[in-house]
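Below is one structure, written out as structure tokens; the observations come after it.
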Amino acid sequence: MRGLLCWPVLLLLLQPWETQLQLAGPRCHTGPLDLVFVIDSSRSVRPFEFETMRQFLMGLLRGLNVGPNATRVGVIQYSSQVQSVFPLRAFSRREDMERAIRDLVPLAQGTMTGLAIQYAMNVAFSVAEGARPPEEGVPRVAVIVTDGRPQDRVAEVAAQARARGIEIYAVGVQRADVGSLRAMASPPLDEHVFLVESFDLIQEFGLQFQSRLCAIDLCAEGTHGCEHHCINSPGSYFCRCQVGFALQQDQRSCRAIDYCSFGNHSCQHECVSTPGGPRCHCREGHDLQPDGRSCQVRDLCNGVDHGCEFQCVSEGLSYRCLCPEGRQIQADGKSCNRCREGHVDLVLLVDGSKSVRPQNFELVKRFVNQIVDFLDVSPEGTRVGLVQFSSRVRTEFPLGRYGTAAEVKQAVLAVEYMERGTMTGLALRHMVEHSFSEAQGARPRALNVPRVGLVFTDGRSQDDISVWAARAKEEGIVMYAVGVGKAVEAELREIASEPAELHVSYAPDFGTMTHLLENLRGSICPEEGISAGTELRSPCECESLVEFQGRTLGALESLTLNLAQLTARLEDLENQLANQK
1 MRGLLCWPVL LLLLQPWETQ LQLAGPRCHT GPLDLVFVID SSRSVRPFEF ETMRQFLMGL
61 LRGLNVGPNA TRVGVIQYSS QVQSVFPLRA FSRREDMERA IRDLVPLAQG TMTGLAIQYA
121 MNVAFSVAEG ARPPEEGVPR VAVIVTDGRP QDRVAEVAAQ ARARGIEIYA VGVQRADVGS
181 LRAMASPPLD EHVFLVESFD LIQEFGLQFQ SRLCAIDLCA EGTHGCEHHC INSPGSYFCR
241 CQVGFALQQD QRSCRAIDYC SFGNHSCQHE CVSTPGGPRC HCREGHDLQP DGRSCQVRDL
301 CNGVDHGCEF QCVSEGLSYR CLCPEGRQIQ ADGKSCNRCR EGHVDLVLLV DGSKSVRPQN
361 FELVKRFVNQ IVDFLDVSPE GTRVGLVQFS SRVRTEFPLG RYGTAAEVKQ AVLAVEYMER
421 GTMTGLALRH MVEHSFSEAQ GARPRALNVP RVGLVFTDGR SQDDISVWAA RAKEEGIVMY
481 AVGVGKAVEA ELREIASEPA ELHVSYAPDF GTMTHLLENL RGSICPEEGI SAGTELRSPC
541 ECESLVEFQG RTLGALESLT LNLAQLTARL EDLENQLANQ K
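Residue numbers (my numbering): 1 to 581.
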């Protein structure tokens with residue numbers, strides 16, 4: 001393919017995108033080419049990274065001689081599915097291509113690279129989509145840009161694509177798997193596999209790609225005088241410095257760049273200049289956060305064998321153990337007393353809005369049945385009711401309808417997805433006013449059976465939740481909130497009872513909800529209920545006094561242990577201050 005195509009210089013280091021990807025001279029008018037970009041838009045590609053890739057694509061277009069009889073360009077994006085942004089036949093003007101790329105919305109799901117290659121081979125490079133017939137001998141080139149490991153097989157389908165005459169360039173960014181890149185790319189691999197450290201440096205691919213395809217090599221004459229690199233351009237050349245260096249006024253020599261001196265790094269603690277740009281560094285005992293700038297005191301719960309039976313909470317230079325509601329911390333400060341067998345009235349409020357989607361709603365129903373599995377469902381034990389909400393509220397079955405876990409699970413599987421909006425406040429009101437009424441199967445308050453509400457949602461409520469969230473807790477209902485995906489943390493905390501860390505659970509997507517089950521298993525631990533025929537024990541009886549005394553002594557021992565830990569921490573801080581002086 002070399003000799004058929006000559007790409008211009010795509011960028012100049014440390015200049016804006018618009019300038020970086022401008023042509024250094026006239027475009028090469030050599031031969032026609034069918035070029036398809038295969039772009040990874042999985043969830044691991046963050047929004048600002050996707051924007052960088054978008055700008056990079058538009059910059060590349062400005063270096064191409066596009067047209068029906070010259071270079072035809074198509075773009076597809078992929079994640080768990082493949083989407084054609086525009087086929088080879090769609091546009092003959094660069095402006096139309098750029099407009100389509102600007103409107104591109106990332107799919108933000110998985111990374112099915114093999115599926116994308118198969119789509120490119122069977123569809124994108126078909127004559128129907130605008131590729132020229134094989135007998136015309138027009139080169140077919142696919143440029144795959146990805147930042148992660150494929151979730152499917154790529155070697156076999158890539159070999160099939162290459163066998164059909166498609167030349168594949170594999171561009172890996174940051175977290176990309178080198179082995180997968182080599183399995184996809186055409187030989188020789190050193191000319192078709194590119195790996196850059198970040199999306200900010202993806203322009204490196206442009207330079208190397210241009211050097212592979214451009215036939216003129218003025219740099220080979222050895223008279224350029226470039227300190228680092230000589231880069232060919234049509235009929236000329238220019239000097240370029242290594243990453244982390246800037247070109248001097250003589251346009252040949254280079255000097256190291258102090259990125260931290262620019263004053264725009266926003267590092268909370270320290271800035272360290274590296275060849276790849278500014279990097280933030282945190283002081284001892286702190287961890288750098290995902291934004292790459294802010295620092296947080298190290299979570300000791302993740303760094304030590306804390307031994308907490310239920311939950312560990314990091315507190316600066318120490319930590320403490322928590323137990324679910326209804327269970328107390330033991331004298332060792334780590335274990336929780338055993339939950340006594342009892343009764344509970346549990347109402348589940350399930351989000352059935354349009355954003356959940358049908359396949360995810362099935363996962364929600366499966367998740368609800370997994371909760372039912374660890375409950376002692378019976379008319380005298382735990383009673384379960386289910387309410388679905390979207391733009392309206394519907395009781396799927398009340399507390400008093402089913403007396404076994406099998407019946408409840410069968411009813412859950414029969415629930416039909418509602419779709420539409422997210423009226424969480426309306427659902428909370430329905431729960432307070434109706435779901436826990438005796439007419440719906442709730443047991444009388446005189447029996448002291450705990451009332452528990454569990455709200456499951458994946459997004460922001462379209463109505464106010466504050467009034468009825470507060471009312472639920474005033475009515476003595478213990479509230480749990482489970483959020484998925486785009487659920488709003490502030491709303492989850494407002495719905496849930498205190499403390500929030502024991503009553504709020506979150507999963508990034510529906511496929512990872514199952515890890516919440518263990519937390520809910522320990523949290524929804526019923527106190528010993530008072531059912532019909534059960535006599536109330538006098539608090540003055542001997543057994544009650546002994547039990548109360550044991551709990552009190554355990555609490556005092558726990559407080560003593562916490563006080564000792566706090567004293568040790570204060571002494572450590574005093575020693576640190578003395579050493580600094």
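Note that the Cβ used here is the ideal one computed from N, Cα and C, for glycine as well.
DSSP bridge partner residues for residue i (one or two, in chain order)
i    : result
V350 : Q388, F456
V504 : A481
D345 : R383, R451
C230 : C239
L582 : Summary: the structure shown does not reach residue 582, with the chain confined to residues 1 through 581, and so no result is reported for it.
V66  : T71
V105 : Paired residues: none, contrary to the question.
Residue span of the alpha helix (DSSP H) that contains residue i, given as start and end
i    : result
F48  : 47-61
S42  : Note, S42: premise wrong, no alpha helix (DSSP H); not H, not E.
V412 : 405-413
G114 : 113-119
T424 : 424-430
D96  : 94-102
K334 : It is not in any alpha helix (DSSP H) - K334 carries neither H nor E in the DSSP assignment.
E489 : 489-495
A469 : 466-474
Cβ separation of residue i and residue j, assumed to be a contact under 8 Å, to the nearest whole Å
i    : j    : result
V488 : R471 : No, V488 and R471 are not in contact; Cβ-Cβ is about 20 Å, not under 8 Å.
F245 : R252 : Not really, about 12 Å apart at Cβ, beyond 8 Å.
V347 : G292 : Going by Cβ atoms, the distance from V347 to G292 rounds to 43 Å, so no, they are not a contact pair.
C312 : C301 : 4 Å
Y78  : D103 : That pair is no contact at about 17 Å.
R260 : P278 : Checking the sequence, you will find Cys at residue 260 rather than Arg. With a Cβ gap of about 5 Å, C260 and P278 count as contacting.
G421 : S390 : 6 Å
F510 : L349 : Going by Cβ atoms, the distance from F510 to L349 rounds to 17 Å, so no, they are not a contact pair.
V143 : V171 : 7 Å
A183 : A163 : Contact flag wrong, Cβ pair sits at about 14 Å.
L426 : D463 : 6 Å
V377 : V344 : In fact, because the Cβ distance is near 10 Å, the residues do not count as touching under 8 Å.
Q109 : S42  : 6 Å
C282 : C271 : With 8 Å as the limit, C282 and C271 do not qualify as a contact, their Cβ atoms being about 11 Å apart.
L61  : R94  : 5 Å
H228 : C241 : 5 Å
Extent of the continuous beta strand (DSSP E) run through residue i
i    : result
F397 : 393-397
T71  : 71-78
D373 : First-last for D373: 358-373, but that is the alpha helix (DSSP H), not the beta strand (DSSP E).
Q242 : Per DSSP, Q242 belongs to no beta strand (DSSP E) and is neither H nor E.
Q83  : 82-86
For this session: Please go through the region 245-274 and give each complete beta strand (DSSP E) segment of 3 or more residues, from N-terminal end onward.
Result: 245-247, 254-256, 270-274
Exercise. Is the region 30-43 touching the region 118-134, taking contact as three or more C-beta pairs under 8 Å?
Worked result: Touching, yes.
For this session: Would you list, in sequence order, the uninterrupted beta strand (DSSP E) runs of no fewer than 3 residues that lie entirely inside the region 122-200?
Result: 140-146, 166-173, 193-196
Exercise. Pairing CB atoms from the region 46-56 with CB atoms from the region 82-92, are three or more of them under 8 Å?
Worked result: No, the region 46-56 does not touch the region 82-92.
Problem set entry | Given 8 Å, three or more beta-carbon pairs between the region 500-508 and the region 474-492 | yes
Exercise. What residue ranges within the region 277-322 form continuous alpha helix (DSSP H) runs of no fewer than 4 residues, ordered along the chain?
Worked result: 300-303
Exercise. Would you call the region 162-178 and the region 133-153 touching, i.e. three or more CB-CB distances under 8 Å?
Worked result: yes
Exercise. With a cut-off of 8 Å, do at least 3 Cβ pairs link the region 404-420 to the region 446-460?
Worked result: no
Exercise. Any chance the region 347-356 sits against the region 422-431, with 3 or more Cβ pairs inside 8 Å?
Worked result: yes
For this session: Kindly confirm or deny that the region 152-169 and the region 58-72 touch, where touching means at least three C-beta pairs closer than 8 Å.
Result: Verdict: no, contact absent.
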